[in-house]
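S.K.: I'd like to ask you about the structure that follows.
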Amino acid sequence: MSKKISLGAAITFMIITAAVTFCIAMVFSMNNFNEKVHNVKEREAMYEKIAEVDRIVRQNYSGDIDETQLTDALAKSYIEGVGDKYGTYLSAKEYKALKESLEGKRVDVGAVFEINNGYLRVTQVYDDSPAQSAGLKVGDIVVKIDDTDLTMNNISDAAELIKGDAGTTVTLVVRRDNTDEPLEMTRRSVEIPTVESRLIGDKGYIRITTFNDVTPDQFDRALNSMLNGGAKSLIFDVRDNGGGTIDAAAKMLDRLLPEGPIVSAVYKNGKTEVLATSDRISIDSVPMVVLTNEKTASAAELFAQALKDYSVAKVVGTTTFGKGKMQQLFTLNDGSAINLTVADFLPPVSGSFDGVGVKPDYEVALKLEQGQSFTDLEEGEDSQLIRAIALLESMAQNQGIDEIIPPATQQDDSSSQSESSSESSSQSESSSEDQAA
Numbered sequence: 001m002s003k004k005i006s007l008g009a010a011i012t013f014m015i016i017t018a019a020v021t022f023c024i025a026m027v028f029s030m031n032n033f034n035e036k037v038h039n040v041k042e043r044e045a046m047y048e049k050i051a052e053v054d055r056i057v058r059q060n061y062s063g064d065i066d067e068t069q070l071t072d073a074l075a076k077s078y079i080e081g082v083g084d085k086y087g088t089y090l091s092a093k094e095y096k097a098l099k100e101s102l103e104g105k106r107v108d109v110g111a112v113f114e115i116n117n118g119y120l121r122v123t124q125v126y127d128d129s130p131a132q133s134a135g136l137k138v139g140d141i142v143v144k145i146d147d148t149d150l151t152m153n154n155i156s157d158a159a160e161l162i163k164g165d166a167g168t169t170v171t172l173v174v175r176r177d178n179t180d181e182p183l184e185m186t187r188r189s190v191e192i193p194t195v196e197s198r199l200i201g202d203k204g205y206i207r208i209t210t211f212n213d214v215t216p217d218q219f220d221r222a223l224n225s226m227l228n229g230g231a232k233s234l235i236f237d238v239r240d241n242g243g244g245t246i247d248a249a250a251k252m253l254d255r256l257l258p259e260g261p262i263v264s265a266v267y268k269n270g271k272t273e274v275l276a277t278s279d280r281i282s283i284d285s286v287p288m289v290v291l292t293n294e295k296t297a298s299a300a301e302l303f304a305q306a307l308k309d310y311s312v313a314k315v316v317g318t319t320t321f322g323k324g325k326m327q328q329l330f331t332l333n334d335g336s337a338i339n340l341t342v343a344d345f346l347p348p349v350s351g352s353f354d355g356v357g358v359k360p361d362y363e364v365a366l367k368l369e370q371g372q373s374f375t376d377l378e379e380g381e382d383s384q385l386i387r388a389i390a391l392l393e394s395m396a397q398n399q400g401i402d403e404i405i406p407p408a409t410q411q412d413d414s415s416s417q418s419e420s421s422s423e424s425s426s427q428s429e430s431s432s433e434d435q436a437a
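In case it helps, full-length UniProt numbering puts the sequence shown at residues 1 to 437.
The structure is reproduced here in structure tokens:
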């Protein structure tokens with residue numbers, strides 16, 4: 001129903017409306033102004049306190065002040081003081097190292113080491129690397145780097161001794177079969193392998209150690225190799241994978257998921273943004289299982305939960321770490337940077353897994369000796385992998401998923417391994433930055 005009003009009434013109504021609007025705007029502006037003034041006063045008090053401390057120290061401290069060290073410490077303490085659990089300040093040197101890690105390439109000799117009784121033990125040698133060319137082998141013990149003998153006192157500096165500029169040389173003295181041998185190698189840029197794959201019968205096993213810029217291409221090559229090699233099902237192993245970039249995980253999921261969202265972000269202002277979507281699944285449908293453990297975190301959790309959300313894969317292992325916070329890197333003028341939490345990120349369907357982790361469909365815990373990793377186990381000793389293989393076999397035979405229980409995971413009272421089906425329970429509601437997640 002329409003209703004007419006007189007011109008005078010209309011003008012009066014407009015004036016009243018304008019006055020009310022002005023009052024509302026004025027109240028909002030004053031509140032906003034007062035909040036800003038309050039924040040300014042708080043910041044002024046903070047700056048004054050820092051200046052006061054600085055003045056007292058410079059007037060009274062008997063030692064020398066390293067200005068760079070002091071500035072780095074102040075910036076680091078500021079980020080720590082914010083209370084951001086995953087926020088960090090990175091010196092220019094640390095930021096450079098992080099960028100290399102995220103890019104998946106670094107100037108190095110191409111090997112991975114672990115500390116072992118004051119020495120370095122070689123745990124991995126990259127293919128086509130200076131270390132491989134020089135003859136370095138897994139299990140070698142590095143006892144000396146150039147002119148520096150390694151001891152418990154300097155072992156923490158060993159990694160820095162191995163690093164250097166491209167084209168420079170480093171000599172590692174390795175102990176092998178009680179004999180010391182010097183191996184000279186020339187540092188150069190090497191691509192960090194983040195994906196490993198092999199066939200286990202007709203099952204393609206793909207282990208993903210992190211998510212960085214080179215991981216999607218390495219994943220594509222591994223996936224194609226497994227499928228072209230006759231794999232009829234797939235196992236994705238993201239155990240001990242601490243995350244990486246959301247972008248890398250999303251690109252990999254795009255090959256595995258049907259059309260729909262992959263990951264969304266919820267920001268401080270409440271805005272929700274879809275960060276990535278899948279156009280369509282690009283491989284033929286095959287049974288899939290994801291292996292997880294308590295060290296599976298961030299982008300790796302997204303990888304597992306997204307496959308679970310779309311019922312593309314089952315998850316086997318233990319509940320994951322529970323990091324659903326997204327960080328963003330901000331570069332500072334001097335080449336340093338801060339990595340700051342800017343949003344929560346969410347998987348396609350389920351809610352946030354931050355603080356709770358991704359719960360497996362089939363819980364299987366490993367019994368490991370102190371300091372031992374699942375990578376130290378033989379294939380027949382890895383009960384989580386054995387369970388995944390059995391699960392895929394039962395799927396292929398169209399049997400009940402729980403009809404095949406591998407002997408290695410059957411229980412007795414003395415076993416510390418556990419296995420239970422959580423398929424009937426509800427799904428778990430769910431460290432670029434996450435864009436390094």
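Here a beta-carbon is modelled for each residue, glycine too, at the ideal position from N, C-alpha and C.
Going by C-alpha distance, which of T123, S373 and V174 is nearest K146?
M.R.: A small fix is needed here, since residue 146 is Asp in this sequence, not Lys. It is V174 whose Cα lies nearest to the Cα of D146.
S.K.: Please determine, among S62, E381 and G139, the residue with the shortest C-alpha to C-alpha distance to N178.
M.R.: Ranked by how close their Cα comes to the Cα of N178, the residues S62, E381 and G139 have G139 in first place.
S.K.: Going by the CB atoms, is the gap between V107 and residue 456 shorter than 8 Å?
M.R.: Residue numbering for the chain in the displayed model covers 1 to 437; residue 456 lies beyond these limits and cannot be assessed.
S.K.: Where does S233 sit, in a helix, a strand or coil, going by DSSP?
M.R.: strand
S.K.: If A306 and P348 are in contact, beta carbons under 8 Å, what's the gap, nearest whole angstrom?
M.R.: 5 Å
S.K.: Taking the straight line between their C-alpha atoms, what separation do you get for K232 and S285?
M.R.: Each residue's alpha carbon lies about 9 Å from the other.
S.K.: By how many angstroms is the C-alpha of P193 removed from the C-alpha of L302?
M.R.: 21 Å
S.K.: Taking three-plus beta-carbon pairs below 8 Å as touching, is the stretch 209-219 in contact with the stretch 129-136?
M.R.: Taking a contact to require three or more Cβ pairs closer than 8 Å, the stretch 209-219 and the stretch 129-136 do not qualify as touching.
S.K.: Between K41 and G270, what straight-line distance do the alpha-carbon atoms span, to the nearest angstrom?
M.R.: 27 Å
S.K.: Compute the minimum distance between the beta carbon of L366 and the heavy atoms of the ligand NAP, and state whether it is under 7 Å.
M.R.: The ligand NAP is not part of the structure shown, which contains no ligands of any sort.
S.K.: Since I believe F236 is in contact with V290 (beta carbons under 8 Å), could you give me their beta-carbon distance rounded to a whole number of angstroms?
M.R.: 5 Å
S.K.: Quick one: what's got a C-beta closer than 8 Å to G400's C-beta in the same chain, skipping five residues either side?
M.R.: Any reading at G400 is ruled out, since the residue's pLDDT is 41, under 50, leaving its predicted position unreliable.
S.K.: Roughly how many whole angstroms lie between the Cα atoms of Q124 and S336?
M.R.: A straight line joining the alpha-carbon of Q124 with that of S336 spans about 31 Å.
S.K.: Quick check: the Cα distance between S311 and N339, rounded to an integer number of angstroms?
M.R.: 34 Å
S.K.: So, at 6 Å on beta carbons, what are the nonlocal neighbours of T320 in its own chain, with the 5 sequence-adjacent residues on each side left out?
M.R.: T292, T296, E301, G357 and V358
S.K.: Between which residues of its own chain and A222 is the CB-CB distance below 6 Å, once the five residues before and five after are set aside?
M.R.: V195, S197 and I206
S.K.: Check this for me: beta carbons of E184 and T171, under 8 Å apart or not?
M.R.: With contacts defined as CB atoms closer than 8 Å, E184 and T171 qualify as a contacting pair.
S.K.: Flag this pair as yes or no: are the beta carbons of S77 and V109 separated by less than 8 Å?
M.R.: no
S.K.: With M395 as the anchor, note down where its beta strand (DSSP E) starts and where it stops.
M.R.: From DSSP, M395 is part of no beta strand (DSSP E) but of the alpha helix (DSSP H) over S383 to A396.
S.K.: Using a 10 Å radius around the Cβ and a threshold of 16 neighbouring Cβ atoms, would you call S383 buried or exposed?
M.R.: buried
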